[in-house]
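Residue numbers (mature numbering (1 follows the signal peptide of the UniProt record, and there is no 0)): -21 to -1, 1 to 126. We put the CB at the ideal spot given by N, CA and C, even for glycine. Here the structure is a predicted model, which means the values were calculated and not measured. Okay, structure first, notes after.
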């Protein structure tokens, strides 16, 4: 019985090693570029979430400002359609983009030269990947004379 428990414990430990071993390794240049692309995907998803929230508020405002029943029905349909779209956006963002970014990019280290190569403009510094390394970001900002 003790041997079986020991074997199961060893199997569980070995199953977790590849993930933990990847945490200590530096990202390659291709992985850095892929992480930048993930960051841009996250930025676009956040923008779509904001636009969806704004559309819902606008429809709700128009709905509260009218007494025309037909127009209210149409606005209610539009609002419900926008709510369904928004829930799919949130689900995609929370269930796919963020976990994958956190697993593949955020818990890893990057070489300074690779970081400087991809995070070399102020617009790129807004990317979540570049923001996830604040010490390197500060170094690049000082080096380039940005504030």
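Does residue 50 pass the burial test, meaning 16 or more other C-beta atoms within 10 Å, or should it be called exposed?
Classification for residue 50: exposed.
Out of 37, 46, 79, 103, which has the shortest C-alpha to C-alpha gap to residue 59?
When each option's Cα is compared against that of residue 59, the closest is 37.
Residues sharing a beta bridge with residue 5, DSSP
In the DSSP output, where bridge partners are listed per residue, residue 5 has 88.
Are the beta-carbon atoms of residue 128 and residue 5 separated by less than 8 Å?
Past the edges of the chain, shown from -21 to 126, lies residue 128, and the structure says nothing about it.
Shortest alpha-carbon distance to residue 75 belongs to which of 21, 16, 125?
The candidate whose alpha carbon is nearest that of residue 75 is 21.
Where do the ends of the alpha helix (DSSP H) carrying residue 109 lie?
Boundaries of the alpha helix (DSSP H) around residue 109: 107 to 110.
Hey, which unbroken runs of the alpha helix (DSSP H) at 4 residues or more fall wholly within the segment 22 to 71?
Counting whole runs of 4 or more residues, the segment 22 to 71 contains the alpha helix (DSSP H) stretches 48 to 71.
Can you round the beta-carbon distance between residue 108 and residue 15 to whole angstroms, since I take them to be within the 8 Å contact cut?
Between residue 15 and residue 108 the Cβ distance is about 5 Å, and since that is below 8 Å, they are a contact.
As assigned by DSSP and simplified to three states, the class of residue 124
Assignment of residue 124 by DSSP, reduced to helix, strand and coil, places it in the coil class.
For the alpha helix (DSSP H) containing residue 77, name the first residue and the last one.
Note, residue 77: alpha helix (DSSP H), 77 to 80.
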